[in-house]
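Its first residue numbered 16, the sequence shown is counted upward by one per residue in my numbering.
This report refers to the structure that appears directly beneath it.
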Amino acid sequence: MIVPVSVVIPCFRSGTTIKRAIESVVSQTRRPAEVIVVDDHSDDGTVEILESLPEAYGPGLRVIRHSTNLGAAAARNTGWDAATQPFVAFLDADDAWHPRKLEIQYEWMSKRDDVVLTGHRWVVLSETAVELSLPDEFKTTPITFGRLLIRNQLSTPTVMLRREIPYRFEPSKRYSEDYLLWLELACDGHAIWRLELPLAFGFKSAYGAGGLSGDLWRMELGELDTIRRLQQSARISRGVALLAMSWSLGKFAKRVVHTAVRNALTRVGSLGSSLDNPHQSDALQGRRGNR
């Protein structure tokens, strides 16, 4: 069965993951009417992989190429603008979906004309993890502006929205552009709900995966900019903006500590493994000696 959904997948240097992402789409119990992959000027062989896919995955797959790198927000907008179906679902090139994602999310949303956007849970799996089983019944949660301002509760690969809404991702932003869009929709009175089911999978930590504090800080600057834009558009007052920025900085500090502890534990675990493996231990000592 085909559902009236356009799936938009932005990708940039995604040669090692894009096939997995697309396979999770074509393996849906309810396949989408079209899949639009927007390549954001990759230079790692991603294009060659994409060019080999249409024959294998059918005529519903379209590939659009940017002539320059514009960022994920612009790539999503390109796919959104090109979409022909009444619903648009977003997937990142390094993530994947549960096989029943479109079946469940489309069925729930198609029965509620007032809801413009839905999301669901996103969980981290190992590369060899089996698919998660799903309960027969699940809870749904309304996502209000206040809840969103405290914490972004919608990961982009979980989102399905109505194509006709007159909003887009802010193309000038490279961080927190999705969060800004969710907040704008919620603040303007549009109904947003979350399905409490794990229907999207990631394969690395949501933040600090590489242990780079610079990446965490750029993410934080993006969130602070999002709050500033809400104030500039008169969606929130200056006082609320200051409170939201303070809260955001507090969350950032917790992320830095959490990432530092996780990386330290990872290093301890690696050292323990090397001590159990004499050959690995010798190699580590050799690298230390060459510093």
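By construction, the Cβ of each residue, glycine as well, lies at the ideal position given by its N, Cα and C atoms.
Query	Result
Limits of the alpha helix (DSSP H) - the one that F160 falls within	160-165
Neighbourhood of P293 by C-beta distance below 8 Å, restricted to the same chain and skipping five residues each side	Low local confidence applies: a pLDDT of 46 at P293 is under 50, so the model's placement there is unreliable, and no value is given.
Residue closest to F216, alpha-carbon to alpha-carbon, out of P25, P19, K116	K116
Three-state secondary structure (DSSP) of S21	strand
T241 and M175 closer than 7 Å at C-beta	no
Cβ neighbours of V138 in the same chain (closer than 8 Å, five flanking residues each side left out)	L147, P213, A215, F216, G217
Cβ separation of E211 and T155, assumed to be a contact under 8 Å, to the nearest whole Å	7 Å
Start and end residues, alpha helix (DSSP H) containing R35	33-41
Buried versus exposed call for S263 [16 or more other C-beta atoms within 10 Å across all chains shown]	buried
First and last residue of the uninterrupted beta strand (DSSP E) at T171	No beta strand (DSSP E) contains T171, which DSSP labels as neither H nor E.
Beta-carbon spacing of S39, A111 below 7 Å	yes
Closest Cα partner of G161 within the set V283, T32, L245	L245
Cβ contact (3+ pairs, closer than 8 Å) linking the region 60-67 and the region 121-129	no
Closest Cα partner of A89 within the set C26, A104, T99	C26
Distance between D109 and T32 (C-alpha atoms, nearest Å)	5 Å
Cutoff 6 Å; reference A104; Cβ partners in own chain excluding five residues on either side	V20, V22, M175
Beta-carbon gap between P114 and Q43 smaller than 7 Å	yes
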